[in-house]
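Visitor:
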Amino acid sequence: MQKDNIFYKIYKELYQLYGPQGWWPLTDLKSSSNPGGYHPLDYSYPKTSDQIFEICVGAILTQNTKWSAVQKVLENLKKENLLNPKKILKLNSSKLQNLIKSSGYFSQKSKKLKIFSKYFINLKNKIPSRESLLSLWGIGPETADSILLYAFKVPTFVVDSYTKKIFSNLSIIDQNFDYEKIKNLFQANLYYDFRLYQEYHALIVEHAKRYYLKSKHKILCPLYKKFVK
DNA sequence: AACCAGGACGTGA
DNA sequence: TCACGTCATGGT
Numbered sequence: 013m014q015k016d017n018i019f020y021k022i023y024k025e026l027y028q029l030y031g032p033q034g035w036w037p038l039t040d041l042k043s044s045s046n047p048g049g050y051h052p053l054d055y056s057y058p059k060t061s062d063q064i065f066e067i068c069v070g071a072i073l074t075q076n077t078k079w080s081a082v083q084k085v086l087e088n089l090k091k092e093n094l095l096n097p098k099k100i101l102k103l104n105s106s107k108l109q110n111l112i113k114s115s116g117y118f119s120q121k122s123k124k125l126k127i128f129s130k131y132f133i134n135l136k137n138k139i140p141s142r143e144s145l146l147s148l149w150g151i152g153p154e155t156a157d158s159i160l161l162y163a164f165k166v167p168t169f170v171v172d173s174y175t176k177k178i179f180s181n182l183s184i185i186d187q188n189f190d191y192e193k194i195k196n197l198f199q200a201n202l203y204y205d206f207r208l209y210q211e212y213h214a215l216i217v218e219h220a221k222r223y224y225l226k227s228k229h230k231i232l233c234p235l236y237k238k239f240v241k
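Each residue of the first sequence is one higher than the one before, starting from 13 at the first, in the working numbering.
1) For W36, does the count of other Cβ atoms within 10 angstroms reach 16, so buried, or fall short, so exposed?
2) What does a CB cutoff of less than 8 Å around F218 pick up in its chain, not counting 5 residues either side in sequence?
3) Mapping DSSP to helix, strand and coil, what is W79?
4) Looking at the structure shown, is L148 part of a helix, part of a strand, or coil, going by DSSP?
5) Are V240 and L182 touching if we call contact CB-CB under 7 Å?
6) How long is the line joining the alpha carbons of L95 and K165, rounded to whole angstroms?
7) Looking at the structure shown, is I139 part of a helix, part of a strand, or coil, going by DSSP?
8) Express the C-alpha separation of V82 and T74 in angstroms, rounding to a whole number.
9) When we look at the beta-carbon of Y204 and count the other beta-carbons within 10 Å, is it buried (16 or more) or exposed?
10) Is it right to say P47 is buried, meaning 16 or more other beta carbons lie within 10 angstroms of its own, or is it exposed?
11) Excluding five sequence neighbours on each side, which residues of the same chain lie with their C-beta closer than 7 Å to the C-beta of S144?
12) Kindly give me the distance between the Cβ atoms of E154 and V170, rounded to whole angstroms, as I take these residues to be in contact under 8 Å.
13) On the CB-based measure, 16 or more other CB atoms within 10 Å of its CB, does Y209 come out buried or exposed?
14) State the Cα-Cα distance for the pair K42 and A71, rounded to the nearest angstrom.
15) Could you check how far apart the C-beta atoms of A220 and Y174 are, in whole angstroms? I think they sit under 8 Å.
16) In chain order, what residues of the same chain lie with their CB nearer than 7 Å to the CB of I112, ignoring the 5 residues before and after it?
17) Could you tell me whether the Cβ atoms of N134 and M13 are closer together than 7 Å?
18) Mind checking which residues open and close the alpha helix (DSSP H) that includes E92?
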């Protein structure tokens, strides 16, 4: 890859603007001084199987849902000591639905969590393949890549709706590019480094929240002035 | 008070 | 393959 390509330039710009994002947040790391549970510049592998599982659960629950809502649900599950695949499997579905209700799509998501929990137990601490994740009902490309990148530290780029919004607005990609094409474009233009991928996706989300939400005008995006003629 | 969130699936053409 | 409807609660 060449260091002066637009994908890497924008990464450096975003990193300079917002700094390290400390994804994926963990309930274990929450405290009064760190309410979000983020851990900037800590790229270490999750310390327990339950932490890995928590990241996966968060990735599923946040499908088309605000993280703040997911955070509350994770907090509840943690408080009940249920952030564990065997315990999720044992729970009856209506109880699970009640516990996760506030993060939306509770019927679908309870089913997804059940299916994923069984899969996770069968993994026996091995790193899953992307294909096996995608074969699960309820795990699409973004969720699979989030799980691989943030829970298992596998260098695979995560593409989300914000990525499409920002980079199509900057005329760097086309609106009709599909998931795999966008993912491959980023990977072809970046160092093969899970830390870089982790930060980049998190920075994209942070940037989009500031400049690409409904009421805000995309033209105000500072990347536009800097990189689009 | 409509609109949308760190998507994925099912369906019909 | 692909565009479109559906899933659902909670915040703005």
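For glycine and all other residues, C-beta sits at the position ideal for the given N, C-alpha and C.
Guide: The structure says:
1) buried
2) The question names Phe, but residue 218 in the sequence shown is Glu. L26, Y30 and Q33.
3) helix
4) coil
5) yes
6) 20 Å
7) coil
8) 6 Å
9) exposed
10) exposed
11) none
12) 6 Å
13) buried
14) 18 Å
15) 4 Å
16) L73, V85, F118, K121 and S122
17) no
18) Taken as a continuous stretch (DSSP letters only), E92 belongs to no alpha helix (DSSP H), as it is neither H nor E.
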